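In UniProt numbering, the protein residues as written are 1 to 256.
Right, dumping it as structure tokens:
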């Protein structure tokens, strides 16, 4: 009996990846086999049991094999079941950031994704120190097995996915510029209705029209004793959000 297998055994192969299609013969004792292949778009038929493919879209199709006894031209196995190989163009990586600025001591979460997604992907991250510098793509700044990381250094970030050994890489993502905001760059103004503090530990902001950072602090007593300001939370324009202060005392909200 002939069986066709694929290594690596991925459901979808991308252009440029190297895969091996193997024909295995079960049974037959000490028979010395040569191999016959049925495969798409090729006039060259390998006679050995391994068929190594540097994949392109034209390699997509159905593969099957059978064994033929070298000493008896009339003796052969049945054709194997069909193995369907699907090859797609090299995928793109996508880099996203919930926010693109962070205060001193803070960080920004970044997420890298590949479409179509797969648990086989690992992620490679690259950073240029300034947006005016060329992106150094020869060596990854760091690598992660998951899609999300947090960064605490400003710079221009890109990412890409990789899988296999040797590593096959996706295209690079677009770049995202992350910058740090100095403490002395903040200016504050009280939000409407909070000049005397609020009993609630939240504040609802409607219809924001520009990007802003929000902080809060709690106070009690007369004269009022204040906590330190919270770390800024940066929110982009549009929609509505609820700003939550973790201290359940009077709250003084500011926009910077």
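Using N, Cα and C, we set each Cβ at its ideal position, and we do this for glycine too.
Owing to the predicted nature of the structure, the values given are computational and were not obtained by experimental measurement.
As assigned by DSSP and simplified to three states, the class of residue 62: strand
Local conformation of residue 224 per DSSP, three classes: coil
Assigned exposure category for residue 148 - 16 Cβ within 10 Å defines buried: exposed
Supposed close pair residue 21, residue 8 - CB separation, criterion 8 Å: Not quite, the Cβ-Cβ distance comes to about 12 Å (not below 8 Å), so this is no contact.
C-beta contact flag for residue 215 and residue 196 at 8 Å: no
Option nearest residue 205 by Cα separation, candidates 219, 217 and 190: 190
Spatial neighbours of residue 12 in its chain, beta-carbon cut-off 7 Å, leaving aside the 5 residues before and after: Scanning its chain for C-beta atoms nearer than 7 Å, with the 5 sequence neighbours on each side dropped, one finds around residue 12 the residues 86, 88 and 116, in chain order.
Same chain, Cβ closer than 6 Å to residue 181, neighbours up to 5 away in sequence not counted: 101 and 103
Close-in-space but distant-in-sequence residues of the same chain around residue 169 (CB under 6 Å, 5 per side omitted): 160 and 162
Residue 24 beta carbon near the ligand ADP (any heavy atom closer than 7 Å): Absence of the ligand ADP is noted for the structure shown, with no ligands found whatsoever.
Straight-line Cα distance separating residue 23 from residue 3: 6 Å
Simplified DSSP state of residue 134, which is helix, strand or coil: With a pLDDT of only 45 at residue 134, under the threshold of 50, the placement of this residue in the model should not be trusted; the figure read from the coordinates follows. Reduced to three states, the DSSP call for residue 134 is coil.
Identity of the residues DSSP links to residue 79 by a beta bridge: Note: residue 79 sits in no beta bridge, so no partner.
Other residues of its chain near residue 145: CB distance less than 8 Å, five sequence neighbours each side excluded: 122 and 123
Residue nearest to residue 106 in terms of C-alpha spacing, selected from 153, 79 and 127: 153
Residues of its chain near residue 173, where Cβ-Cβ distance is below 8 Å and the 5 sequence neighbours each way are ignored: 92, 93, 94, 95, 112, 158, 159 and 160
Assumed close pair residue 64, residue 80 - CB separation to whole angstroms, cut-off 8 Å: 5 Å
Where residue 73 sits in the DSSP three-state scheme: The three-state secondary structure of residue 73, taken from DSSP, is coil.
DSSP state of residue 57 mapped onto helix, strand, coil: helix
Where the beta strand (DSSP E) through residue 7 begins and ends: First-last of the beta strand (DSSP E) with residue 7: 2–7.
Supposed close pair residue 164, residue 17 - CB separation, criterion 8 Å: 7 Å
Pair within 8 Å by beta-carbon distance, residue 36 and residue 66: yes
Beta bridge counterpart(s) of residue 149 as assigned by DSSP: 110
Bridge partners - residue 167, DSSP secondary structure assignment: None, per the DSSP bridge assignment.
Inter-residue spacing [alpha-carbon to alpha-carbon] between residue 135 and residue 143: Because residue 135 sits at a pLDDT of 49, beneath the cut-off of 50, its placement in the model cannot be relied upon, and the point is left open.
Rounded C-alpha distance that separates residue 77 from residue 62: 19 Å
Nearest neighbour of residue 125, chosen from 118, 119 and 156 [CA to CA]: 156
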